[in-house]
Amino acid sequence: SSSINVAVIPGDGIGPEVITEAVKVLRAATAAADAELTLTDYKLGAEHWLTTGETLSEEVLDRLRSHDAILFGAVGAAPGDTRIPSGLIEREMLLKLRFSLDHYVNLRPSRLYPGVPSPLADPGEIDFVVVREGTEGPYVGNGGALRTGTPHEIATEVSVNTAHGVERVVRDAFRRASERPRKHLTLVHKHNVLVHAGHLWKRTVEAVAGEFPQVTHDYLHVDAAMIFLVTDPSRFDVIVTDNLFGDIITDLAAAVTGGIGLAASGNINMDRTAPSMFEPVHGSAPDIAGQQKADPTAAILSAALLLRHLGFSEQAERIEGAVENDVATRSGAPRTTAEIGDAIAAAVS
Ligand code: NAD
Ligand code: IPM
Ligand code: MN
């Protein structure tokens, strides 16, 4: 039998609540596959920083590297929490992990499961995947401020896009498109305004397209893409885009496919030089934390992506099937976080 060694970072807010359920399901799925699962908890996040002053040390980062994969909940303080500098944990822990472990494919599937209500009146079939670049763009922290606090302040955030970084994620998106029935890729950017980066992305798509003659491709400016995401989401198959556009697009994509509580993601190092990390798209949701109100489905589906990445496709499909059945029958009294987790775990056992 095989073994899987997973690092678990529950984090803050609803992170620990939804990860408890994802772990239940992971245990059930691996037990059914007769795989040996080893879990190691890492206490990182806002609370950890408050007590230790540590975001993510090199030593902890090194230990994380020794695992096959990382399961991550969410981090971040409540908006009103003045004890923590805004975004500190997000940048120095979460983004540091994505950058250090070279998670260049931020995979965010969006599917409207049968029976799940969408806020769209006539959603049609929605089944696409956003391949969001994960290591570059405006996220790299390349910016600064001059004359801070004066009427003459100038603040910049410079988006970094490298040929290497764009090419590898575009090639991955084409490959994913080539393996899907509709074999279609849409580049989403804003090259009418963001000329330099936009043209690098456009040229790269055109060049890599030659390697995938079976894949059709088109281009949309990000603003128009948001119209179609609401009026005609069925047109999308694979979307490839930069780090910031991808962040924004995937919250809207989650909303039109039944809510942020269902949206899973993988931060994937396709070269396997470091462990990949799987996490719900949502954040720490301080407004509902500690109340057993959070939907653990996004975290559970992220565990399925983790298993697929490690070669356990059958178990991944088992979890996705159990979720599909579970979400189809959600009506009546809302269930607690644990009740949803228990039901899905029982279905995969
Ligand atoms: P959020 O995703 O935490 O919450 C947005 C809204 O969605 C809230 O109303 C919340 O209650 C709801 N929601 C989120 N997850 C849910 C779930 N599983 N079930 C039901 N409802 C859910 O976004 P935010 O409020 O902008 O951010 C809160 C904190 O989380 C901030 O500190 C932010 O920086 C951080 N954040 C972290 C991550 C991450 O760790 N990957 C992602 C996004 C935001
Ligand atoms: C996400 C989050 C993060 C991002 C934040 C918390 C840094 O919004 O995972 O979507 O912007 O990538
Ligand atoms: Mn986001």
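FYI, the numbering for the sequence shown is 3 to 351, going by UniProt numbering. Here a beta-carbon is modelled for each residue, glycine too, at the ideal position from N, C-alpha and C. Just so you know, these numbers come straight off a predicted model, no measurement behind them.
The count of Cβ pairs closer than 8 Å, one atom from the segment 61-72 and one from the segment 271-289, reaches three, so the stretches are in contact. Counting only unbroken stretches of 3 or more residues, the beta strand (DSSP E) elements lying wholly within the segment 76-128 are 107-113, in sequence order. In this chain, the alpha helix (DSSP H) harbouring residue 344 covers 339-350. In this structure, the CA atom of residue 342 is about 43 Å from the CA atom of residue 199. Rounded to whole angstroms, the gap between the alpha carbons of residue 314 and residue 5 is 11 Å. Per the coordinates, the alpha-carbon of residue 39 lies some 11 Å from the alpha-carbon of residue 3.
For the pair residue 303 and residue 149, the Cα-to-Cα distance works out to about 46 Å.
In the displayed model, residue 217 falls within coil according to three-state DSSP, outside both helix and strand. Residue 236 and residue 322 do not touch by the CB rule: their CB atoms are close to 20 Å apart, not below 8 Å. According to DSSP, residue 134 shares a beta bridge with 108 and 243. With fewer than 16 other CB atoms across the displayed protein chains lying within 10 angstroms of its CB, residue 194 is exposed. For the set 187, 140, 206 and 184, the Cα lying nearest the Cα of residue 165 is the one of 206. For the ligand MN, no non-hydrogen atom lies closer than 8 Å to the CB of residue 83.
Counting along the chain, no alpha helix (DSSP H) covers residue 39; the unbroken beta strand (DSSP E) around it starts and ends at 38-43.
Just so you know, the alpha carbons of residue 53 and residue 85 end up roughly 11 Å apart. Pairwise C-beta distances place the segment 12-30 in contact with the segment 74-81, as three or more of them are shorter than 8 Å.
With respect to residue 113, residue 134 sits apart: the two C-beta atoms are not nearer than 9 Å.
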